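Asks: Here the protein sequences come in this chain order: Y and E.
Heads up: the first sequence runs through residues 1078 to 1408, numbered per the working numbering.
Heads up: the second sequence runs through residues -14 to 114, numbered per the working numbering.
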Amino acid sequence: MTDFTFRPGRTALEAVGLGMRHRRAWALRDCSFRLPAGRVCALVGPNGAGKTTLLSLAAGLRRPTEGSLTVLGGRPGGAEVRPRVAYLSQDKPLYARFTIADTLRMGRELNPASWDQATAERLVDDGGLSPGARVGDLSGGQRTRVALALALGKRPELLLLDEPMADLDPLSRHQMTTALMTAAAERAVTVVMASHILAELDGICDYLLLVADGKVRLAGEVEDLLAAHTLLVGWHEQSGAPREFAAHTVVETRRTGRQLTALIRPDGRPVRGEWQMSEPTLEELLLAHLRAPDAPPLLTPSAEPRAGSKAVGAFAVRNRPGPAASSPYGA
Amino acid sequence: MVEFRIDRRSGVATYLQIVHQVEQALRLGLLAPGDKLPTAKEVVAATAINPNTVLKAYRELTRDGLVEARPGLGTFVRRSLARPQAGADSPLRAELADWMERAHAAGLAREDVSALVTSVLEERFEGPA
Chain Y
1078 MTDFTFRPGR
1088 TALEAVGLGM
1098 RHRRAWALRD
1108 CSFRLPAGRV
1118 CALVGPNGAG
1128 KTTLLSLAAG
1138 LRRPTEGSLT
1148 VLGGRPGGAE
1158 VRPRVAYLSQ
1168 DKPLYARFTI
1178 ADTLRMGREL
1188 NPASWDQATA
1198 ERLVDDGGLS
1208 PGARVGDLSG
1218 GQRTRVALAL
1228 ALGKRPELLL
1238 LDEPMADLDP
1248 LSRHQMTTAL
1258 MTAAAERAVT
1268 VVMASHILAE
1278 LDGICDYLLL
1288 VADGKVRLAG
1298 EVEDLLAAHT
1308 LLVGWHEQSG
1318 APREFAAHTV
1328 VETRRTGRQL
1338 TALIRPDGRP
1348 VRGEWQMSEP
1358 TLEELLLAHL
1368 RAPDAPPLLT
1378 PSAEPRAGSK
1388 AVGAFAVRNR
1398 PGPAASSPYG
1408 A
Chain E
-14 MVEFRIDRRS
-4 GVATYLQIVH
6 QVEQALRLGL
16 LAPGDKLPTA
26 KEVVAATAIN
36 PNTVLKAYRE
46 LTRDGLVEAR
56 PGLGTFVRRS
66 LARPQAGADS
76 PLRAELADWM
86 ERAHAAGLAR
96 EDVSALVTSV
106 LEERFEGPA
């Protein structure tokens, strides 16, 4: 393969004004974003940010309280969408009494059209697990391996993973990541991976969705989001932000003695003054946004929903013409 | 065939690490015109990185005219970066070795020599390599 896996014109997930209320509290509110197909997307946010709610909505296990969410152009959990989506929840539900061989057979019989027995068996085998072992006797990490084998064996177009690697040892994590990336390379699978472990995401994910307090804070290509920000370090003794920052969007400033560190979104023009400038790392970008909940959201053009919603952020492409929402893959 | 080594903590973008490693292999003659680069799938299987990162690196190398994609076959080296003037038996290298010997005799430590070389290098060739 010499072509990129992503298909910018095709949409895997699209949320417009999406909201979900659990009893009194909103787990998600006014969420709008788009995930193009073929991306490997990191879903990041603090505990309780709404990541799990978003994934279970996409899997069709819950209905949104307000707004809309489309999955591969259809209704989440709908008859023509469900066979093309695999969802791995945090608790990795498997039948404890089944053996591993039974579990894979279940995968084969539930997904007769798409099932890839060889891939599923290889993933189980790589972990040194015997097909006759009972799922109930496996460790947490071993169960995760079987659950991922089941999800990848289904050969889905969209793979939704909730904290998939949390309980895996380093070798298993490497093997599972390799299996995911191989699926991306071979079949351009769209992957959405919720995780707290930033090191697990760097180099793997090419798309980012940062949610906090039930809202989308950042969405888009990782490299474009990084390039839209500049990390400044310099000498600043007066109180308050330096005047030359006023022309730009300031995400966060921090002070250590006379040194000021700031993450900004430069507004086209270069920043004046004696500042040491660099592009932030993914970790610096995420931590700054998590520490600064009031920073305005930023969506790159490809992450803007096409179904006529309000646009936010400096990248926003306004008044995109055409009723794209009615076609199965957007425009 | 080259094997890439990805350092996730280096701070250098992953695709650039691949570009640099291919260029280095071309300079050292580990890769020669006609050699095939590993496919994105092969790199992914060895390093567990995103396949698009590999493809982005290969596009960059293609744009620089160093490699070319042959549809259905893979990505192949077009030209080498190895220069005879920079080879192990070249006069330039011998002169540099002589100079290092004199710097050592003058009492300079490795760090002093490195700092001196870097400063002259930057003076002569502006911008990062």
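We treat Cβ as the ideally placed atom computed from N, Cα and C, and that holds for glycine.
On a predicted model such as this, the values are computed, not experimentally measured, just so you know.
Can you list the residues of chain E that residue 1283/Y reaches, using a CB-CB cut of under 8 Å?
Replies: Here residue 1283/Y is taken as the residue at index 206 of the first sequence, counted from 1. Per Cβ cutoff of 8 Å: 35, 37, 38.
Asks: Tell me which residue opens and which closes the alpha helix (DSSP H) that residue 1338/Y is part of.
Replies: Here residue 1338/Y refers to the residue found at position 261 of the first sequence. Run containing residue 1338/Y: none in the alpha helix (DSSP H); it sits in the beta strand (DSSP E), 1336 to 1342.
Asks: Determine the chain C residues that contact residue -9/E at a beta-carbon separation under 8 Å, and present them in chain order.
Replies: As a matter of chain content, chain C is missing from the structure shown, whose protein chains are Y and E.
Asks: Taking 8 Å as the cut-off, does the region 1268 to 1282 of chain Y touch the region 1237 to 1245 of chain Y (at least 3 CB pairs, one atom from each stretch)?
Replies: yes
Asks: Quick one: what's got a C-beta closer than 7 Å to residue 1369/Y's C-beta in the same chain, skipping five residues either side?
Replies: Position 292 of the first sequence holds residue 1369/Y. Here the set comprises 1328, 1329.
Asks: Assuming residue 1210/Y contacts residue 1176/Y under a Cβ cut-off of 8 Å, what Cβ separation, rounded to an integer in Å, is found between them?
Replies: Reading the first sequence from its first residue, position 133 is the one you call residue 1210/Y. Reading the first sequence from its first residue, position 99 is the one you call residue 1176/Y. With a contact defined as Cβ atoms closer than 8 Å, residue 1210/Y and residue 1176/Y qualify at about 6 Å.
Asks: Between the C-alpha atoms of residue 1353/Y and residue 74/E, what's the straight-line distance to the nearest angstrom?
Replies: Position 276 of the first sequence holds residue 1353/Y. Position 89 of the second sequence holds residue 74/E. So the two alpha carbons sit approximately 42 Å from each other.
Asks: Taking buried to mean at least 16 other C-beta atoms within 10 Å of its own C-beta, is residue 35/E buried or exposed?
Replies: For the purposes of this step, residue 35/E is identified with residue 50 of the second sequence, where counting begins at 1. Classification of residue 35/E: buried, given that the 10 Å Cβ count is 16 or more.
Asks: May I have a chain-ordered list of the beta strand (DSSP E) segments no shorter than 3 residues that lie completely inside the region 1131 to 1208 of chain Y?
Replies: 1143 to 1148, 1162 to 1165
Asks: Only counting the same chain, and skipping five residues up and downstream in sequence, which positions put a Cβ closer than 6 Å to that of residue 1225/Y?
Replies: In the first sequence, the residue the question calls residue 1225/Y occupies position 148. The answer, listed in chain order, is 1253.
Asks: At 3 residues or longer, what runs of the beta strand (DSSP E) sit wholly inside the region 5 to 49 of chain E?
Replies: If only uninterrupted beta strand (DSSP E) runs of at least 3 residues are considered, none is enclosed by the region 5 to 49 of chain E.
Asks: From residue 6/E to residue 1199/Y, what does the alpha carbon distance come to, in whole angstroms?
Replies: Working through the second sequence from its first residue, we reach residue 6/E at position 21. Working through the first sequence from its first residue, we reach residue 1199/Y at position 122. Between residue 6/E and residue 1199/Y, the C-alpha separation is close to 31 Å.
Asks: Would you be able to state if there are at least three C-beta pairs under 8 Å between the region 1254 to 1263 of chain Y and the region 16 to 31 of chain E?
Replies: With contact defined as three or more Cβ pairs closer than 8 Å, the region 16 to 31 of chain E and the region 1254 to 1263 of chain Y are in contact.
Asks: Are the beta-carbon atoms of residue 1244/Y and residue 1218/Y separated by less than 8 Å?
Replies: Counted from its first residue, the first sequence places residue 1244/Y at position 167. Counted from its first residue, the first sequence places residue 1218/Y at position 141. Yes, the pair counts as a contact, with Cβ atoms nearer than the cut-off.
Asks: Counting only Cβ pairs nearer than 8 Å, list the residues of chain E close to residue 1276/Y.
Replies: Taking the first sequence and counting its residues from 1, the one referred to as residue 1276/Y is at position 199. Within chain E, the residues near residue 1276/Y are -7.
Asks: Starting from residue 29/E, find everything on chain Y with Cβ-Cβ shorter than 8 Å and list it in chain order.
Replies: Within the second sequence, numbered from 1, the residue matching residue 29/E stands at position 44. Those are 1255, 1258, 1259, 1261, 1262, listed as they occur along chain Y.
Asks: Check the C-beta distance from residue 11/E over to residue 51/E and give it rounded, since I have them as a contact under 8 Å.
Replies: Within the second sequence, numbered from 1, the residue matching residue 11/E stands at position 26. Within the second sequence, numbered from 1, the residue matching residue 51/E stands at position 66. Contact flag correct, Cβ pair sits at about 6 Å.
Asks: Chain Y beta carbons: is any one of them nearer than 8 Å to that of residue 14/E?
Replies: For the purposes of this step, residue 14/E is taken as residue 29 along the second sequence, with counting starting at 1. No, its Cβ sits nowhere closer than 8 Å to a Cβ of chain Y.
Asks: Can you tell me the Cβ-Cβ gap for residue 1284/Y and residue 1263/Y, rounded? I've got them flagged as a contact below 8 Å.
Replies: Position 207 of the first sequence, counted from the first residue, corresponds to residue 1284/Y. Position 186 of the first sequence, counted from the first residue, corresponds to residue 1263/Y. About 19 Å separates the two Cβ atoms, so there is no contact after all.
Asks: Our contact map puts residue 1349/Y next to residue 1321/Y with C-beta atoms below 8 Å; I'd like the distance itself, whole angstroms only.
Replies: Position 272 of the first sequence, counted from the start, is the residue given in the question as residue 1349/Y. Position 244 of the first sequence, counted from the start, is the residue given in the question as residue 1321/Y. Sure, about 4 Å apart at Cβ, within 8 Å.
Asks: Where do the N-terminal and C-terminal ends of the beta strand (DSSP E) with residue 1099/Y fall, by residue?
Replies: Your numbering for residue 1099/Y matches position 22 in the first sequence. First-last of the beta strand (DSSP E) with residue 1099/Y: 1084 to 1099.
Asks: What three-state label does DSSP hand residue 1386/Y in the structure shown?
Replies: Counted from its first residue, the first sequence places residue 1386/Y at position 309. Annotation note: pLDDT 45 at residue 1386/Y (below 50); position unreliable, coordinate value reported separately. Coil.
Asks: If you drop the 5 nearest sequence neighbours on each side, which residues of the same chain put their C-beta closer than 6 Å to that of residue 1112/Y?
Replies: Position 35 of the first sequence, counted from the start, is the residue given in the question as residue 1112/Y. Taken in chain order, the residues that qualify are 1089, 1090, 1118.
Asks: I'd like to know if residue 19/E contacts chain Y, where contact means its C-beta is closer than 8 Å to some C-beta of that chain.
Replies: As a first step, residue 19/E is located in the second sequence; it is residue number 34 there, counting from the start. It does not: the Cβ of residue 19/E has no partner Cβ on chain Y nearer than 8 Å.
Asks: Starting from residue 1251/Y, find everything on chain E with Cβ-Cβ shorter than 7 Å and list it in chain order.
Replies: Against the first sequence, residue 1251/Y aligns to sequence position 174. One finds 33 in chain E with Cβ atoms closer than 7 Å to the Cβ of residue 1251/Y, taken in chain order.
Asks: Could you give the uninterrupted runs of the alpha helix (DSSP H) lying entirely in the region 1226 to 1279 of chain Y, keeping only those of 4 residues or more?
Replies: 1247 to 1264, 1275 to 1278
Asks: Judging by CA-CA distance, which residue of 1324/Y, 1331/Y, 1358/Y is the nearest neighbour of residue 1347/Y?
Replies: Mapped onto the first sequence, residue 1347/Y falls at position 270. Nearest of 1324/Y, 1331/Y, 1358/Y to residue 1347/Y, Cα basis: 1324/Y.
Asks: Taking the continuous alpha helix (DSSP H) assigned at residue 1301/Y, which residues delimit it?
Replies: On the first sequence, residue 1301/Y is found 224 positions in, with the first residue counted as 1. Here the alpha helix (DSSP H) through residue 1301/Y covers 1299 to 1304.
Asks: Buried or exposed, going by whether 16 or more other CB atoms sit within 10 Å of the CB of residue 1365/Y?
Replies: For the purposes of this step, residue 1365/Y is taken as the residue at position 288 of the first sequence. So residue 1365/Y counts as buried.
Asks: When you compare the CB of residue 50/E with every CB in chain Y, is at least one pair closer than 8 Å?
Replies: In the second sequence, counting from the first residue as 1, residue 50/E sits at position 65. No, residue 50/E does not count as interfacial toward chain Y.
Asks: Near residue 1294/Y, which residues of its chain fall below 7 Å by C-beta distance, leaving aside the five closest residues on each side in sequence?
Replies: Position 217 of the first sequence, counted from the first residue, corresponds to residue 1294/Y. Hits under 7 Å: 1287, 1288, 1366, 1374.
Asks: For residue 8/E and residue 1202/Y, I'd like the C-alpha separation in whole angstroms.
Replies: On the second sequence, position 23 is the one that residue 8/E refers to. On the first sequence, position 125 is the one that residue 1202/Y refers to. Cα-Cα distance, rounded: 38 Å.
Asks: Locate the alpha helix (DSSP H) running through residue 85/E, then write down its first and last residues.
Replies: By 1-based counting over the second sequence, the position of residue 85/E is 100. Element bounds for residue 85/E: 76 to 90.
Asks: Assuming residue 13/E contacts residue 43/E (C-beta within less than 8 Å), just tell me the rounded distance between them.
Replies: Taking the second sequence and counting its residues from 1, one reaches residue 13/E at position 28. Taking the second sequence and counting its residues from 1, one reaches residue 43/E at position 58. The Cβ separation is near 19 Å, so there is no contact.
Asks: From which residue to which residue does the beta strand (DSSP E) around residue 1107/Y run?
Replies: Start at 1 with the first residue of the first sequence, and residue 1107/Y comes out as number 30. First-last of the beta strand (DSSP E) with residue 1107/Y: 1102 to 1114.
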